[in-house]
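Number of protein chains: 2
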Amino acid sequence: MENFDYYNPVQVLFGKGKIAAIEQLVPRDAKVMLTYGGGSIKRNGVHEQVTRALRHHDVTEFGGIEPNPRYETLMKAVEQARREEVGYLLAVGGGSVIDGTKFIAAAARYRDGDPWEIVSRGARVDDALPLASVLTLPATGSEMNSNSVITREKTREKLSFSSRRVFPRFSVLDPETTFSLPPRQLANGVIDAFVHVMEQYYTTGTGDAIQDRFAEGILETLIELGPRLVNEQPEYASRATFTWAATMALNGLIGCGVPQDWSSHHVGHELTAFHGLDHGVTLAIVLPGIMHATAASRRGKLLQYAARVWNIDPASPRAGELAIERTEEFFRSLGVKTRLSEHGIGMETIERIVNRFRERGESALGGIPDVHAGNAREILVSRL
Amino acid sequence: MENFDYYNPVQVLFGKGKIAAIEQLVPRDAKVMLTYGGGSIKRNGVHEQVTRALRHHDVTEFGGIEPNPRYETLMKAVEQARREEVGYLLAVGGGSVIDGTKFIAAAARYRDGDPWEIVSRGARVDDALPLASVLTLPATGSEMNSNSVITREKTREKLSFSSRRVFPRFSVLDPETTFSLPPRQLANGVIDAFVHVMEQYYTTGTGDAIQDRFAEGILETLIELGPRLVNEQPEYASRATFTWAATMALNGLIGCGVPQDWSSHHVGHELTAFHGLDHGVTLAIVLPGIMHATAASRRGKLLQYAARVWNIDPASPRAGELAIERTEEFFRSLGVKTRLSEHGIGMETIERIVNRFRERGESALGGIPDVHAGNAREILVSRL
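Protein sequence lines, in the order shown, are assigned to chains Z and F. Each residue of the first sequence is one higher than the one before, counting from 0 in numbering that gives the first Met the number 0. Each residue of the second sequence is one higher than the one before, counting from 0 in numbering that gives the first Met the number 0.
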């Protein structure tokens, strides 16, 4: 195990009826800005529950944060927050809304230049508005971490930042808020959580027993639940397990002291930036290609994954290949198209992405040197 | 999954060489009291590392906190802390030292009566001295939770309290500090961590997929590592995994939203109170008896445990029994005597313990009604 520091002060309120508790947790001495997305929270009753809980607070709202939240949109929220002297942000939505709100929190108190620098060059976040979240779409783990991914429309860039200043003070995870989610969003959420685990597990690491076991436990749970979540009527117990699985997948815990490789996300972000594909869909496309390209260099871990997660005899000659096939079949069982050609994407996009990596001079795309600008084309071509 | 709140703000610094980092983390504007046990930290170099890191701090010391830390001893530390106007506590040791230091922290600021009330009647802890820890004996999880177990010599009581005010601000977990531990302490630590998991897992709960998988992962890891830890030369990787496993076993995570039953601890505490047995030893004695007594009422979970943790075919007629036997064999493989008679304990003690439970009127000893004052005798007799 490598040395690590772990710190996660997010208070989690988990379960049905928990939204009402925010009345006590959101301070009353500050103006609160509710941030949300396209308005689904108004249709499924979550907006009403939140505003009822905050009926004695001074509240303003900012809606319209899109999936893959855009800098351009978020800067409007920053202006509003400054103008209305907002002192507390409450994100109500999925990972995009929470990620976007983290950026708003940091940008509102970033006074020394263009807040885009926080993302583009990792400018230090010395201060941020306090924020909290009410999660409605389990997927990204943003409700219990300090990460944020932001897209800039003008330059078609999708970049991230991380700062302890943007941990949510608390997050409400009420599985009932997921009952109105369409199958597509559930499938995306399952895949996103699955690949979050893989980026911290399917690496060159071995011998990290606890983290590996936890990672495998989340993967097994998602495999067991995924098709049911997408294809069957909502049911509390499985929604609850899914919600907690997605949070655990990226709250920092399973990544403690182990090598990580975020290349599926890295390549996937480019597909979203160029074609607007759902984040989960890009991961389902890219991960199997990366697994093939690294099957030799990560052989030990691939066989462990095959054996423990898929019950494949690791001694069988096709064990690794079979595990990769099963992974892709699992994604497809959720109704997701896992090939670039199925999304009308061809060589032109592949060349643009590869060129972008080369221009940036990125040798290791995600942390481990076996995925790099040099084999990105081969990986993407294998996914046509 | 039941509703739950989860909050754990302990900053963990994990790995070799991490003790030096406390120089930056312990504030300099307060007098620091180092608390420790019998002095092993002076023999293994940990005391030197800590005092070197704090060479620019104003430091006082309180040594001599015993295993199963005693109220009588801790109150001397409280007096010293008050007299010397200590503003920060740094516990250097295992669970007993950290538990004891939590009590010192709360008692030093408890002004309205006898601090024993914090433990005896759960008096609310409104204030406490800030504390942190340097862990040297992985076992109790105290380094990353808000619990504390205290013994009162006079009345032979061993009782606990819990308060958010006594979370360590940070904890250093350097696996190298465990290299000098004798086999007996390692065995106790492995058993303690194992039974912490069982108290949160081997219950009536089902369908709590993530928590169950995590619990099983810790159990499998301890089973794999335990005999090696106790019988072989120290080796960093396995010490690191053990250290993290013990922390994860009782930092609150695997207990989120699941039924818990702390009856093994509850009964075990009495054996320590009456006979001074090591805490880990008492758990190794009691747990198999509780598993037998609840084999019918917790059949589903017992078979899940048999199948997933011990690879026993759950359809075999003796699956449950076999899993209990394996559990006891595992404890014995660590060199621990798992029978009361092996420790010279007989019916007299059993009657005293049973009477104490009856006097307290405790129907469910640990949380689930199938272990109670009524079957405590049967459980203990089965462990003679």
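Even for Gly, the Cβ is constructed at its ideal location relative to N, Cα and C. Keep in mind that this is a model prediction, so the values were computed, not measured.
Around the C-beta of residue i, are 16 or more other C-beta atoms found within 10 angstroms, so that it is buried, or is it exposed?
i      : result
Z/T154 : exposed
F/R387 : The first residue shown for chain F is 0 and the last is 383, placing residue 387 of chain F beyond what the model contains.
F/V380 : exposed
F/A314 : exposed
Z/E175 : buried
F/S362 : exposed
F/D111 : exposed
Z/K41  : exposed
F/E142 : buried
F/H56  : buried
Z/G275 : exposed
F/P368 : exposed
F/Q48  : buried
Z/D277 : buried
F/S39  : buried
Z/Q199 : buried
F/Q232 : exposed
F/G225 : buried
Z/P66  : buried
F/S132 : buried
F/G16  : exposed
F/N310 : exposed
Z/S145 : buried
Z/M346 : exposed
F/R82  : exposed
Z/D191 : buried
Z/D207 : buried
F/R120 : exposed
Throw me the rounded Cβ distance for the residue i and residue j pair, which I believe falls under 8 angstroms.
i      : j      : result
F/A294 : F/G319 : 5 angstroms
F/L128 : F/A80  : 7 angstroms
Z/K297 : Z/T202 : At residue 297 of chain Z the sequence reads Arg, which differs from the Lys that was named. Right, the Cβ-Cβ distance comes to about 7 angstroms (below 8 angstroms), so this counts as a contact.
Z/L130 : Z/G92  : Not quite, the Cβ-Cβ distance comes to about 13 angstroms (not below 8 angstroms), so this is no contact.
F/V229 : F/L333 : 5 angstroms
F/I97  : F/V77  : In fact, because the Cβ distance is near 16 angstroms, the residues do not count as touching under 8 angstroms.
F/L89  : F/V31  : 6 angstroms
F/T34  : F/T100 : 5 angstroms
Z/E239 : Z/G188 : Inspection of the sequence shows that residue 239 of chain Z is occupied by Ala rather than by Glu. With a Cβ gap of about 14 angstroms, Z/A239 and Z/G188 do not count as contacting.
Z/H291 : Z/I323 : 6 angstroms
F/V171 : F/I289 : Between F/I289 and F/V171 the Cβ distance is about 35 angstroms, and since that is not below 8 angstroms, they are no contact.
F/V285 : F/R168 : Between F/R168 and F/V285 the Cβ distance is about 34 angstroms, and since that is not below 8 angstroms, they are no contact.
Using only the heavy atoms of the ligand SAM, determine whether one of them is closer than 7 angstroms to the beta carbon of residue i.
i      : result
Z/H278 : By its list of ligands, the structure shown contains no ligand whatsoever, and the ligand SAM lies outside what it can speak to.
List, in order along the chain, the chain Z residues whose C-beta lies closer than 7 angstroms to that of residue i?
i      : result
F/N146 : Within 7 angstroms Cβ-Cβ: nothing; F/N146 doesn't reach chain Z, min ~18 angstroms.
Under 8 angstroms Cβ-Cβ, which residues of chain F neighbour residue i?
i     : result
Z/F13 : M0, N2, F3, D4, Y5, C255 and G256
Give the residues of chain Z in contact with residue i, contact being defined as C-beta atoms less than 9 angstroms apart.
i      : result
F/Q48  : Result: empty, since nearest Cβ-Cβ is about 15 angstroms, beyond 9 angstroms.
F/A131 : Under the 9 angstroms cutoff, chain Z gives no residues; its nearest Cβ is about 13 angstroms from F/A131.
Which residues in chain Z have a C-beta closer than 8 angstroms to the C-beta of residue i? List them in chain order.
i     : result
F/Q10 : D4, Y5 and Y6
Note down, in chain order, every chain F residue with its Cβ under 7 angstroms from the Cβ of residue i.
i      : result
Z/I209 : G216, I217, T220, T240, W243, A244 and M247
Z/N213 : The residue you asked about is not Asn; residue 213 of chain Z is Phe in the sequence shown. Within chain F, the residues near Z/F213 are F213 and G216.
Is residue i close to chain C? Criterion is C-beta to C-beta, closer than 8 angstroms.
i     : result
Z/S95 : This model lacks chain C altogether, as its protein chains are Z and F.
**Report entry** Length-filtered (3 minimum) beta strand (DSSP E) runs lying within the region 181 to 230 of chain Z
**Finding:** Qualifying beta strand (DSSP E) stretches: none in this window.
Report task. Taking a Cβ distance cut-off of 9 angstroms, strictly less, list which residues of the region 298 to 330 of chain Z are near chain F, in chain order. Result -> Going along the region 298 to 330 of chain Z in chain order, one finds no residue with a Cβ nearer than 9 angstroms to chain F.
Query - Within 8 angstroms of chain Z by C-beta, residues of the region 16 to 46 of chain F in sequence order - result: G16 and K17
Query raised in the report: Any residues in the region 216 to 229 of chain Z with a beta carbon nearer than 9 angstroms to a beta carbon of chain F? Which ones, in chain order?
Result: Contact residues of the region 216 to 229 of chain Z toward chain F are G216, I217, E219, T220, E223 and L224 (C-beta to C-beta distance below 9 angstroms).
Query raised in the report: For the region 238 to 267 of chain Z, which residues have a CB atom closer than 8 angstroms to at least one CB atom of chain F, in sequence order?
Result: A239, T240, W243, A244, M247, L252, C255 and G256
Query - alpha helix (DSSP H) segments (min. 4 residues) lying fully within the region 45 to 101 of chain Z - result: 45 to 52 and 70 to 82
Report task. For the region 304 to 339 of chain Z, list the beta strand (DSSP E) runs that are entirely contained and at least 3 residues long, ordered along the chain. Result -> none
**Report entry** Runs of alpha helix (DSSP H) wholly within the region 94 to 179 of chain F (minimum 4 residues, chain order)
**Finding:** Segments of the alpha helix (DSSP H) lying fully in the region 94 to 179 of chain F: 94 to 107 and 115 to 119.
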